[in-house]
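Listed below in structure tokens is the structure:
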């Protein structure tokens, strides 16, 4: 056994024995190096091994910590979606979510909204408010269909962090990431075309495919490493797939970050079968690790990747400012944008230029990454506390969404109905599937300040789940033959 | 001859003889009633007759005026587009217009931008600026996919002026009128479907049809009364038309208002052949006559009319707030909106609620109607002065666009190229046709303050036209047989 593996085994045993408890800070690298008379790099290697085993996790500037107990809840199973292209259903359930404006009497735990109450976001309100001052009329004018040039410059600068070397001319500002995805799809595919997606997959994407008359081919996906490349290759072999659409970084809803090597392999596959890739990176900047993970786009050398993102998750949903780096499809995407919604509102673009230029964006990101990581741990703890023991829970490495899998026959649609009178709503799993799978799953947002009110809501959800399970087993008994 | 016809003849003669000159105020109704010892209502009838003959025009609270001299330029000919469904081209020319941000060195006379420098628009800047004040976070949140309820209420109230009785639940806020048109089309039609349009037709609509893979069937259109119902009926008889798409009020680019009786007949036709109607009313509130003209939607009793509009032309383009009243297609349009761009930005919606609620919208409208009417007269006068004598010019009854028809072989694309170094750009006519017709036409925006700089620009356009015509006739001579 190597030195670092031996050290890792010792530390691992101590954690198992509860010597270092969940959430506790582990000894510093220097301290361990002295204690065990090994080199700094040996300790670093040992910690990296424990990190890979998901026993410890680094936190910026604070060292390593024992991962919280509840994270030991089992991961969701590797998904096994229907292995043929299907048309998408479930629009009614999605509509339920997006139609209702914010309500004081309903806690929408299922909605993809970031926390907007942090003081680091205040400069954005100020910037929005400043745009029209002193008779400045720019916000009332059309700008270019490609978006305000200054904003595109700032976005290009920010994208360097994900390994992308792009300039303003290669970017198009869109009305949210939604429009980025939609224009990207329409630029490459025709109605009837087959699009391979990771599964579960963001319901907005599913509905876009549906609305455009395209078919989704759901590829099995691992809750830690993402879309199965083996299954994808078989699918590419078997079907005339036109496009691969996926969220490799801080996946929504599973929260994984696809390892870099797999990203490269995916790109190679796409090149071999000559299909385009839409990479949804909308949560990418919210990875808990630093530097943030690279995009597939950053490896793209022939312009086949259309990278889509927005400020909706990192800053605020109400802005509706996203972007797309469409590679070789720029001209087509521009046309699709023009015919879909025309130009994007000018004022929020101008406000964002100021906000980013003064460093407020990166400052806010740092704050939110930390907050969301803490929230993930607390929410996971609550789930462990209030939900049935056998639930499976994702281990997000970024973003603010938890994916929870209940036993196979469970129906979260029914759960939501039961919760209706209690002022709580979760996102039902079935909207994340083209074929209505994942009825036994749900997505919960842990972005907001996790107050006692939210803890109570989680408790209510847990209670409702238990009640449904009891009712179910009662019914099952009643249906026994002979009764 | 009736009394009022006699009086009308007298007045008409006096105008012909120059006794009352162009732009001059005519005697008041009371004065004429005394002068000719006829009743008030006889004078009113006489004036109405002269108005119909387009010799005089009423101005709010100021009485009747002699229409300006240059309006006697002949009207554009009734259009004769290709009589079969065609796929749409001309994207490159449209892209030229929409890709460039506002430039100080280029006067974009072709772009559909209203004047935003009037003081009556200042409260909007203030409202935009106020939204995020005092820690109010509403502007950063998602609202309903249907749009902010308060704004829909205000829009419903405003629509009463056009005869529409709708409530907030029947409206969807969109990202500009562009998205309203696009979602409306996608809600009703499939790729390959045939859409009948007035012709010339707004290039945004044309490009939307192109992008959605639909075919445009251009219907001959009269520059005073709009789409030919006779031609439309023949087309409905001959082709499987799915939708009629038109701009009956303050048409873009021709400026006419379709008479009410014709609107009703069109609706009856649509009912008989069971096709839907998209009514683009984006310039409707800018009619120079008061009350503003009714919409076809206001007669719609079975929900087949999808009324589309926005604040882009009445207030400011940069807002990107439009709306659609989709009748029976509401659910489908909502889906198309969700998949196209998702929700519409919240802040401008909240600002608009304040702006309209405090009466600023109607105040601004009154101002702009008057301004645009005056500008029309002055611009028409300049065209008469600087353009060749035989040009045909539209007589807009609302909005801020002039349509100019040159002799048949003229090429406005070439004209624009020649103007490029002179810092002027017009909208070439061919983008208003699916089949590239109207190359000899152009659209000019008369919204801005008509400064000496703009007069100079019009002069430059006129000179460039003359030069091209001379060059053309020289070439024609060179090509004579035997040379």
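Chains as they are written, first to last, in UniProt numbering: chain U, 1 to 483; chain X, 1 to 483.
Note that beta-carbon positions come from the ideal geometry of N, C-alpha and C, so glycine has one too.
Please read all numbers here as calculations on a predicted model, not as lab measurements.
TODO: Report the rounded CA-to-CA distance for residue 472 (chain X) versus residue 200 (chain X), giving the unit in angstroms.
DONE: The straight-line gap separating the alpha-carbon atoms of residue 472 (chain X) and residue 200 (chain X) is approximately 25 Å.
Task: Chain-order list of residues whose beta-carbon lies under 6 Å from that of residue 64 (chain X) (same chain, five-residue window excluded) - done: For residue 64 (chain X), where only same-chain residues beyond five positions count, the Cβ hits under 6 Å are 26, 47, 56 and 58.
Task: Close beta carbons around residue 426 (chain X), own chain, < 8 Å, minus the five adjacent residues each side - done: In chain order, 109, 110, 412, 415, 416, 419, 442, 443, 444 and 461 place their CB closer than 8 Å to the CB of residue 426 (chain X), counting only its own chain and leaving out the 5 sequence neighbours on each side.
Open item on the list: Just to confirm the assignment, what range does the beta strand (DSSP E) spanning residue 309 (chain U) have?
Closed with: Per DSSP, the unbroken beta strand (DSSP E) holding residue 309 (chain U) starts and ends at 305-310.
- [ ] Kindly provide the ranges of any alpha helix (DSSP H) runs that are 4 or more residues long and lie completely inside the segment 110-176 of chain U, ordered along the chain.
- [x] The alpha helix (DSSP H) runs lying completely inside the segment 110-176 of chain U and spanning 4 residues or more are 122-130 and 149-159, given in chain order.
Open item on the list: Taking the beta carbon of residue 160 (chain X) as the centre, do at least 16 other beta carbons fall within 10 Å, making it buried, or is it exposed?
Closed with: With fewer than 16 neighbouring CB atoms inside 10 Å of its own CB, residue 160 (chain X) falls in the exposed class.
Task: Residue-level contact to chain U via CB, residue 507 (chain X), 8 Å cutoff - done: Past the boundaries of the shown model lies residue 507 (chain X); chain X is included only from 1 to 483, so the question cannot be answered.
TODO: Alpha carbon to alpha carbon, how far is residue 115 (chain U) from residue 449 (chain U)? Give it in angstroms, no decimals.
DONE: Taking the Cα positions, residue 449 (chain U) is about 7 Å away from residue 115 (chain U).
- [ ] State the DSSP-derived secondary structure class of residue 5 (chain U), mapped to helix, strand or coil.
- [x] In the structure shown, the three-state DSSP call for residue 5 (chain U) is helix.
Task: Counted within 10 angstroms of its Cβ, other Cβ atoms place residue 230 (chain U) as buried (16 or more) or exposed - done: So residue 230 (chain U) counts as exposed.
TODO: Tell whether a beta-carbon distance below 8 Å holds between residue 307 (chain X) and residue 324 (chain X).
DONE: With contacts defined by Cβ atoms closer than 8 Å, residue 307 (chain X) and residue 324 (chain X) form a contacting pair.
Task: 9 Å Cβ cut-off: residues of chain X touching residue 537 (chain U) - done: No statement about residue 537 (chain U) is possible, as the shown extent of chain U runs from 1 to 483 and does not include it.
Open item on the list: At the level of alpha carbons, what is the spacing between residue 261 (chain X) and residue 434 (chain X)?
Closed with: Rounded to the nearest whole angstrom, the CA to CA distance from residue 261 (chain X) to residue 434 (chain X) is 28 Å.
- [ ] Pick helix, strand or coil for residue 392 (chain U), following the three-state DSSP scheme.
- [x] Here DSSP, grouped into helix, strand and coil, assigns residue 392 (chain U) to strand.
Task: Coarse secondary structure for residue 64 (chain U), derived from DSSP in three states - done: Strand at residue 64 (chain U).
- [ ] Pick out whichever of U:465, U:423 and U:24 has its Cα sitting closest to the Cα of residue 104 (chain U).
- [x] Residue 104 (chain U) has its Cα closest to that of U:423, out of U:465, U:423 and U:24.
- [ ] Return no unless some Cβ of chain X is closer than 8 Å to the Cβ of residue 345 (chain U).
- [x] The C-beta of residue 345 (chain U) comes closer than 8 Å to at least one C-beta of chain X.
Open item on the list: So residue 434 (chain X) contacts chain U; which residues on that side make the cut at Cβ distance below 7 Å?
Closed with: Within chain U, no C-beta atom comes less than 7 Å from the C-beta of residue 434 (chain X); the nearest is roughly 14 Å away.
- [ ] If I'm right that residue 474 (chain U) touches residue 398 (chain U) with Cβ under 8 Å, what's the distance once you round it to whole angstroms?
- [x] The pair is not a contact, with the Cβ atoms about 41 Å apart (cut-off 8 Å).
Open item on the list: Does residue 467 (chain U) pass the burial test, meaning 16 or more other C-beta atoms within 10 Å, or should it be called exposed?
Closed with: Exposed is the call here.
Open item on the list: Given this structure, state the Cα-to-Cα distance separating residue 518 (chain U) from residue 206 (chain U), to the nearest angstrom.
Closed with: An answer regarding residue 518 (chain U) cannot be provided, because it is not within the stretch 1 to 483 covered by chain U.
TODO: Tell whether a beta-carbon distance below 8 Å holds between residue 162 (chain X) and residue 298 (chain X).
DONE: Yes, they are a contact pair.
Task: residue 231 (chain U) - DSSP class collapsed to helix/strand/coil - done: Residue state, collapsed to three classes: helix.
Task: Proximal chain U residues relative to residue 184 (chain X), where beta-carbon distance stays under 9 Å - done: Chain U residues near residue 184 (chain X): none, gap ~12 Å exceeds 9 Å.
Task: Contact set between the segment 138-164 of chain U and chain X, restricted to residues whose Cβ is under 8 Å from the partner - done: Listed in sequence order: 138, 139, 140, 141, 142, 143, 144, 145, 146, 148 and 149.
Task: C-beta contact flag for residue 98 (chain U) and residue 145 (chain X) at 8 Å - done: Yes, Cβ-Cβ distance for residue 98 (chain U) and residue 145 (chain X) is below 8 Å.
Open item on the list: So if DSSP puts residue 276 (chain U) in a beta bridge, which residue, or which two residues, is it bridged to?
Closed with: Residue pairing by DSSP puts residue 276 (chain U) in a beta bridge opposite U:243.
TODO: Following the continuous beta strand (DSSP E) through residue 449 (chain X), name the residue where it begins and the one where it ends.
DONE: Neither: residue 449 (chain X) is in no beta strand (DSSP E) and is coded neither H nor E.
TODO: Decide yes or no for the touch test of the segment 273-292 of chain X against the segment 365-378 of chain X: beta carbon pairs closer than 8 Å, at least 3 of them.
DONE: Using a C-beta cut-off of 8 Å, the segment 273-292 of chain X makes contact with the segment 365-378 of chain X, since at least three inter-stretch Cβ pairs fall below that distance.
Open item on the list: Quick check on DSSP: helix, strand or coil for residue 57 (chain X)?
Closed with: Correct three-state label for residue 57 (chain X): strand.
- [ ] Below 8 Å between beta carbons is the criterion; list the residues of the segment 357-381 of chain X that meet it against any residue of chain U, in chain order.
- [x] If the cut-off is 8 Å between Cβ atoms, the segment 357-381 of chain X has nothing near chain U.
- [ ] Tell me, please, whether the CB atom of residue 318 (chain X) is closer than 8 Å to any CB atom in chain U?
- [x] Interface residue, yes.
- [ ] Using a Cβ-Cβ cut-off of less than 7 Å, give me the residues of the segment 124-137 of chain X that come near chain C, in sequence order.
- [x] Absent from the structure is chain C; the protein chains it does hold are U and X.
Open item on the list: Against residue 341 (chain X), what residues of chain U qualify as contacts under a CB-to-CB distance less than 8 Å, listed in chain order?
Closed with: Within chain U, 174, 175, 176, 178, 179, 182, 320, 340 and 341 have C-beta atoms less than 8 Å from the C-beta of residue 341 (chain X), given in sequence order.
TODO: At 9 Å on the CB atoms, spell out the chain U contacts of residue 116 (chain X), in chain order.
DONE: Within chain U, the residues whose beta carbon sits less than 9 Å from that of residue 116 (chain X) are 137, 140 and 141, listed in sequence order.
Task: Rounded separation between residue 62 (chain X) and residue 374 (chain X) - CA only - done: Cα to Cα, the separation comes out at about 13 Å.
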